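Spelled out as structure tokens, the structure:
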């Protein structure tokens, strides 16, 4: 499941809970630990549209309690390969008490704007009443987003990304590559997580190198193994790095013919950063 509700979830005081365009593939969208899931007051809105899932996962009604005047817009949901288009189909899947059934590809004030603070929607553009903010008239000012982040492109075979401060991002790398190298690069911050997707690398021989890099202030290097990787053999070298309140985390199962060398690194740890474990398949080797 994608969304786990441990306790009662209340939407109130001119609030908007918007589930939109999420893809859970064959999984369940919701899991509710209690019989009462979602409560909404008369000034608020819940929308559930455009999602794909194997099932809703609901054994009870999604909307457990609602005050007069509430809005619950749902529709255009693909469940187990079938699009739910009517209120009756939604109810069969635990989505009851819907005030508006949303149609696929249709823009409406109720489905695409925060309706209580929207006067009208024209050509998929919401026109806000007093108190509405942003493109969809939400009930609170929309803060400016972070500046755009420019990430370096993958290095050519035989070369490295070198001598730079890496942006603080959560990024996955390695897909479609047989060579990945970082030299004298600084990674820092609790939002910095670099995941090497071993299972997505290609080639008879794949090489991953981190040489002389600095990891600090919560940054994490994840070497994510996959036993079904298509590479013929795999070499991972992490050497001369400094990890200061940062983490090197091999995870998952690595394919046959894997050599992992972790040497000459310095680790300084003053707090715990937990991750899951490591599995290897023979014949493989880890050197530390």
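Numbering (the working numbering), first residue to last: 148 to 435. For glycine and all other residues, C-beta sits at the position ideal for the given N, C-alpha and C. Because the structure is a prediction, the values reported are computed rather than measured.
- Remark: C-beta atoms of residue 285 and residue 261 approach each other more closely than 7 Å.
- Counting only runs of at least 3 residues, the region 262-316 fully encloses the following beta strand (DSSP E) elements, listed from N- to C-terminal order: 265-269, 272-275 and 308-312.
- Ranked by how close their Cα comes to the Cα of residue 401, the residues 380, 160, 415 and 230 have 380 in first place.
- For residue 398, the uninterrupted beta strand (DSSP E) segment begins and ends at 394-401.
- Between the C-alpha atoms of residue 220 and residue 247 there is a straight-line separation of about 5 Å.
- DSSP places residue 231 in the strand class (E or B) of the three-state scheme.
- A check of alpha carbon separations from residue 362 across 337, 353 and 373 identifies 337 as the nearest.
- Pairwise C-beta distances place the region 350-360 in contact with the region 370-389, as three or more of them are shorter than 8 Å.
- Separation of residue 190 and residue 242 (C-alpha to C-alpha, rounded to the nearest whole angstrom) is 20 Å.
- Each of 391, 350, 389 and 394 was checked against the Cα of residue 376, and the nearest Cα belongs to 350.
- Per DSSP, residue 165 lies in no alpha helix (DSSP H); the unbroken beta strand (DSSP E) holding it starts and ends at 163-167.
- When the beta-carbon positions are compared, residue 196 and residue 167 come within less than 7 Å of each other.
- Sequence-distant partners of residue 311 (beyond 5 residues in either direction) whose C-beta falls short of 6 Å from its own C-beta, in its chain, are 332.
- Between residue 396 and residue 366, the C-beta gap is not smaller than 7 Å, which leaves the two residues out of contact.
- Secondary structure of residue 324 (DSSP, three-state): coil.
- Taking the Cα positions, residue 300 is about 11 Å away from residue 327.
- Boundaries of the alpha helix (DSSP H) around residue 258: 256-259.
- Apart from the 5 residues on each side of it in sequence, residue 180 sits with its Cβ closer than 7 Å to the Cβ of 152 and 153 in its chain, given in chain order.
- Taking every protein chain shown into account, the CB of residue 271 has fewer than 16 other CB atoms within 10 angstroms, so this residue is exposed.
- Approximately 4 Å separates the beta-carbon atoms of residue 322 and residue 347; this is inside 8 Å, confirming the contact.
- With respect to the C-alpha of residue 218, the residue from 205, 178, 163 and 226 having the closest C-alpha is 163.
- Annotated three-state conformation of residue 346 is helix, per DSSP.
- In the three-state reduction of the DSSP assignment, residue 176 falls in the coil class, being assigned neither a helical nor a strand state.
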